[in-house]
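According to my numbering, the sequence shown is numbered sequentially starting from 5.
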Amino acid sequence: MKKLTSTLIAAGVIAGASISAPVMAEGFSGNVSLTNDYSWRGIQQSGGQPVVQGGLDWEKDKLSFGVWGSGLSTNGTELDVYGAYNFGPIAVGAIYYYYPDQSGWDFYELNVGGDLGPVSLMGSYNFDSSLYYLEGAYSLPMSEKVSLDLHVGYGDGGGLGTADYDASVGVSGSAAGLDLSASYVYMPQDTTAGKFIVAVGKSM
């Protein structure tokens, strides 16, 4: 989830899939998915192993909150709690990354972003470490149910201390009531260099 919308829901958590997503209907919504790998800002998080991910979101008027979780390569878990408020075309939010199985990994970010037609832009900043991340996404409808998704990001290496970038190109859509996506993620700061990531999920 980890997606970028005008409400900054799950801001940039799932790299490898498009960070573009439909704006949720008012009230509660949920999602669950299975992916062959979990990449965050071009850095592998699940060691190339399949993981289950899922979340729950709530939205009313201009305010939104949510929680999202994923498995990790350490056999531990990541749990993200986030919220945002829309100021017209711009949204301001915060996200807290919680790792219950790892000491000292937790951190938070503030973010601001918005949509310019099919283009989504967002910047995130961690005041404790002074790390930043800038990202943009473009979603091009190819049919009623399929879209071409492009993403590029640049920042402080996801906490590695050096400036790095990542990019992805993929397709996403729906079939038989399922959400499907496939993408190639280029992650030059990771030893894998690039990775094909596929996911199947269900939105509720």
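The beta-carbon is built from N, C-alpha and C at its ideal position, and this holds for glycine as well.
Hey, quick one: how far does the beta strand (DSSP E) through residue i stretch, first residue to last?
i, result
"Trp62", "55-64"
"Glu82", "81-91"
"Trp72", "67-75"
"Glu113", "111-120"
"Tyr169", "168-179"
"Gly97", "94-102"
"Phe200", "197-207"
"Phe32", "31-39"
"Asp132", "No beta strand (DSSP E) holds Asp132; DSSP gives it neither H nor E."
"Gly157", "150-159"
One question on the structure: do residue i and residue j come within less than 8 Å of each other, judged by their Cβ atoms?
i, j, result
"Ser37", "Gln57", "yes"
"Ile47", "Met146", "no"
"Val55", "Ser74", "yes"
"Leu152", "Ala141", "no"
"Tyr169", "Val156", "yes"
Taking the alpha-carbon of residue i as reference, which of the options has the nearest alpha-carbon?
i, options, result
"Gly181", "Glu82, Phe200, Phe111, Lys149", "Lys149"
"Ala197", "Ala203, Ser172, Thr78, Ser68", "Ser172"
"Ile99", "Gly92, Tyr112, Thr39, Asp105", "Tyr112"
"Glu63", "Asn40, Thr78, Ser33", "Ser33"
"Gly121", "Leu114, Lys206, Ser143, Tyr136", "Ser143"
"Val123", "Glu139, Phe131, Gly108", "Glu139"
"Pro104", "Thr78, Ser187, Ser207", "Thr78"
"Gly159", "Tyr86, Gly87, Asn90, Met126", "Met126"
"Val116", "Asp110, Asp132, Ala88, Ser107", "Ala88"
"Ser178", "Ser207, Tyr137, Tyr101, Arg45", "Ser207"
"Tyr102", "Lys66, Gly174, Val71", "Val71"
"Ser68", "Pro93, Gly118, Glu30, Gly80", "Glu30"
"Leu60", "Tyr136, Asn130, Trp44, Tyr86", "Tyr86"
"Phe91", "Trp44, Thr81, Lys66", "Lys66"
Our contact map puts residue i next to residue j with C-beta atoms below 8 Å; I'd like the distance itself, whole angstroms only.
i, j, result
"Ser50", "Leu83", "Not a contact, Cβ separation roughly 15 Å."
"Thr39", "Ala203", "4 Å"
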